[in-house]
Amino acid sequence: MQKTAVSWLVYRLTGSAVLLGVVGFASLIPSLVLSPLAGSYIERRNRYRVLVTTQVASMLQAGALALLIYFRIYNIPIIVLLSLIQGIINAFDVTCRQSLLMEMVEDKDDLPNAIALNSSMANFARIAGPAGAGIILSTLGEDFCFFSNFLSYVPVLLCLFMMRLQLPPVSSKDTSIWNELQEGFKYVSGDRQLSSMIAMIGISSLFVIPFNTLIPIFAKDLFNGTAKTFSWFESMAGVGSIASAIYLANLKHGKSMISVMTVATVIFGSSLLLLACSSSLPMALLFMGLSGVGMMAQTSAINTYIQTHAAPAMRSRAISYYVMAYQGIIPVGSLLAGYMAQIWGARATVFVEGTIGLTAIAAFVWFKNRANNRNTLLAQP
Numbered sequence: 037m038q039k040t041a042v043s044w045l046v047y048r049l050t051g052s053a054v055l056l057g058v059v060g061f062a063s064l065i066p067s068l069v070l071s072p073l074a075g076s077y078i079e080r081r082n083r084y085r086v087l088v089t090t091q092v093a094s095m096l097q098a099g100a101l102a103l104l105i106y107f108r109i110y111n112i113p114i115i116v117l118l119s120l121i122q123g124i125i126n127a128f129d130v131t132c133r134q135s136l137l138m139e140m141v142e143d144k145d146d147l148p149n150a151i152a153l154n155s156s157m158a159n160f161a162r163i164a165g166p167a168g169a170g171i172i173l174s175t176l177g178e179d180f181c182f183f184s185n186f187l188s189y190v191p192v193l194l195c196l197f198m199m200r201l202q203l204p205p206v207s208s209k210d211t212s213i214w215n216e217l218q219e220g221f222k223y224v225s226g227d228r229q230l231s232s233m234i235a236m237i238g239i240s241s242l243f244v245i246p247f248n249t250l251i252p253i254f255a256k257d258l259f260n261g262t263a264k265t266f267s268w269f270e271s272m273a274g275v276g277s278i279a280s281a282i283y284l285a286n287l288k289h290g291k292s293m294i295s296v297m298t299v300a301t302v303i304f305g306s307s308l309l310l311l312a313c314s315s316s317l318p319m320a321l322l323f324m325g326l327s328g329v330g331m332m333a334q335t336s337a338i339n340t341y342i343q344t345h346a347a348p349a350m351r352s353r354a355i356s357y358y359v360m361a362y363q364g365i366i367p368v369g370s371l372l373a374g375y376m377a378q379i380w381g382a383r384a385t386v387f388v389e390g391t392i393g394l395t396a397i398a399a400f401v402w403f404k405n406r407a408n409n410r411n412t413l414l415a416q417p
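Each residue of the sequence shown is one higher than the one before, counting from 37 in the working numbering.
Pasting the structure below:
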């Protein structure tokens, strides 16, 4: 909610697509730089305590931003700085939450569904949150939106304090964090399946997912709307993500996450092509909903695959590379999308992003089939 409200506020004040990209860049770029470090750091600490610390820090950041908006201090550099601080907190928070999940599931047969559900909820929050922000912005105003985000951390912290986890003791390590970073990189890069899935989410984060940055332009300029129109776009993405989350949370054990990711990426890329070509608002909203289906299923399937296939000793570090490729690369893509929209326009930019998504999944399938055929030939006597 906060991220969407900030984007709408910045665009309302400045009318600049480039500044929209700058805000997205500041809030997510720390994940690109700090996620691998966070993975190694968290393996050396009590994950529960790290999570409580990051949530308290996020609450303080949200409170500072809410006060800024309440007193009408519309200072763009300060808003960007606070977005950067939130990004630094999230680099540790996301990696910690993902790795802590493994300790919360007692029956390991339930692990794939738990991971899918957790991933779906997290990605759904990224889509449903903007939808809620759009509704609040159009009805109750910016102040309520920012203060409600600040207050939302109260039940989160209460839930954390009510948890009773039996975490294994943290073992002291003689190796340095730098050596662990190197070990993690060698492990991920040496596993062809893990590295290919991380590469797919990296490409999507750079060229496809940042289409969200341009949705205020679609709502305000292309369809002559208001904050209410913007809320419709985000709500449709939320509806699509709900359908995707229900499907993923009910997957049967043994379902191939690679197949789910492939189909989801095709849906995602195709929906962006159709969104870019939509001439009417109802059709644009329909394809926005399909984009929510595809994006949710793609990111969740990749996350689930990494967590279930990474070696236990390397899981936190493998997750950190997923976070880096997902959240860390999105800000670069947001800047690129804003720059492209400034030159080509929002429609052309979204069309290009959809084309890149479809091209990437076609290349992924081709290389995968080629590798399978080669392995089959080698296995023959």
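Just so you know, even glycine gets a beta-carbon here, dropped at the ideal spot from N, CA and C.
Residue of the options minimising C-alpha distance to residue i
{"i": "residue 217", "options": "316, 76, 368, 384", "result": "76"}
{"i": "residue 247", "options": "281, 304, 224, 262", "result": "304"}
{"i": "residue 199", "options": "105, 157, 88", "result": "88"}
{"i": "residue 243", "options": "49, 122, 374", "result": "374"}
{"i": "residue 127", "options": "263, 150, 184, 91", "result": "91"}
{"i": "residue 73", "options": "394, 356, 366", "result": "356"}
{"i": "residue 6", "options": "189, 251, 316", "result": "No answer is possible for residue 6: it lies beyond the span of the chain, which begins at 37 and ends at 417."}
{"i": "residue 423", "options": "136, 47, 301, 94", "result": "Here the chain has residues from 37 to 417 only, and residue 423 is not among them."}
{"i": "residue 52", "options": "298, 388, 249", "result": "249"}
{"i": "residue 50", "options": "368, 344, 113", "result": "113"}
{"i": "residue 118", "options": "83, 370, 245, 182", "result": "182"}
{"i": "residue 332", "options": "401, 240, 388", "result": "240"}
{"i": "residue 45", "options": "179, 83, 405", "result": "179"}
{"i": "residue 172", "options": "133, 37, 348", "result": "37"}
{"i": "residue 133", "options": "142, 245, 151", "result": "151"}
{"i": "residue 340", "options": "293, 379, 365, 385", "result": "293"}
{"i": "residue 65", "options": "224, 287, 366, 177", "result": "366"}
{"i": "residue 97", "options": "39, 403, 392, 384", "result": "39"}
{"i": "residue 335", "options": "141, 388, 348, 299", "result": "299"}
Pair within 8 Å by beta-carbon distance, residue i and residue j
{"i": "residue 43", "j": "residue 56", "result": "yes"}
{"i": "residue 266", "j": "residue 320", "result": "no"}
{"i": "residue 254", "j": "residue 382", "result": "yes"}
{"i": "residue 346", "j": "residue 230", "result": "yes"}
{"i": "residue 138", "j": "residue 351", "result": "yes"}
{"i": "residue 116", "j": "residue 62", "result": "yes"}
{"i": "residue 363", "j": "residue 130", "result": "yes"}
{"i": "residue 360", "j": "residue 67", "result": "yes"}
{"i": "residue 338", "j": "residue 233", "result": "yes"}
{"i": "residue 369", "j": "residue 251", "result": "no"}
{"i": "residue 149", "j": "residue 287", "result": "yes"}
{"i": "residue 84", "j": "residue 194", "result": "no"}
{"i": "residue 358", "j": "residue 379", "result": "no"}
Contact belief for residue i with residue j at Cβ below 8 Å, rounded distance in angstroms
{"i": "residue 396", "j": "residue 236", "result": "7 Å"}
{"i": "residue 421", "j": "residue 69", "result": "In this structure the chain extends from 37 to 417, so residue 421 is not present and cannot be described."}
{"i": "residue 295", "j": "residue 330", "result": "So it is not a contact: roughly 14 Å between Cβ atoms."}
{"i": "residue 418", "j": "residue 297", "result": "Any property of residue 418 remains undetermined from this structure, which presents the chain solely from 37 to 417."}
{"i": "residue 353", "j": "residue 220", "result": "3 Å"}
{"i": "residue 203", "j": "residue 82", "result": "7 Å"}
{"i": "residue 174", "j": "residue 256", "result": "Not a contact, Cβ separation roughly 12 Å."}
Sufficient close CB pairs (3 or more, under 8 Å) joining the stretch 271 to 282 to the stretch 308 to 328
yes
Closer than 8 Å is the cut-off here; do at least three beta carbon pairs connect the stretch 164 to 172 with the stretch 96 to 112?
Here the stretch 164 to 172 does not lie against the stretch 96 to 112, with fewer than 3 beta-carbon pairs under 8 Å apart.
Okay, do the stretch 277 to 285 and the stretch 358 to 374 touch, 3+ Cβ pairs below 8 Å being the bar?
no
Counting Cβ pairs closer than 8 Å, one from the stretch 113 to 129 and one from the stretch 307 to 315, do we hit at least three?
no
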